[in-house]
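See below for the structure under consideration.
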Amino acid sequence: MSVYKVIELVGTSPESWEKAAEAAVEAASRSLKDIRIVEVVKLDMQVENGKVKTYRARVNVSFKYHTKD
Numbered sequence: 014m015s016v017y018k019v020i021e022l023v024g025t026s027p028e029s030w031e032k033a034a035e036a037a038v039e040a041a042s043r044s045l046k047d048i049r050i051v052e053v054v055k056l057d058m059q060v061e062n063g064k065v066k067t068y069r070a071r072v073n074v075s076f077k078y079h080t081k082d
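Oh and the sequence shown: position 43 is 56 in our numbering, straight run, nothing missing.
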């Protein structure tokens with residue numbers, strides 16, 4: 014049997030939503046082990062003076078939860 018934990022992260026990029034989601038996954042992978050699934054749950058943009066400044070991707074990151082036995 015396995016147990017998984019899900020956390021929500023927001024990645025950002027000045028280029029695209031894809032790059033924003035990728036940034037969130039890369040940051041998570043530096044400290045989490047056994048990332049299994051990443052679900053994009055919301056996309057939005059930060060706008061400044063009528064122009065897109067930042068793309069943002071909110072993601073749910075699922076990773077294996079290791080218990081201490």
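All residues carry an ideal CB built from backbone N, CA and C; glycine is no exception.
Residue pairing of D57 in beta bridges, as defined by DSSP: R69. With fewer than 16 neighbouring CB atoms inside 10 Å of its own CB, Y78 falls in the exposed class. The three-state secondary structure of K18, taken from DSSP, is strand.
DSSP links E52 through a beta bridge to N73. Approximately 7 Å separates the beta-carbon atoms of V23 and A37; this is inside 8 Å, confirming the contact. Contact check for V54 against V74 fails: the beta carbons are separated by 8 Å or more.
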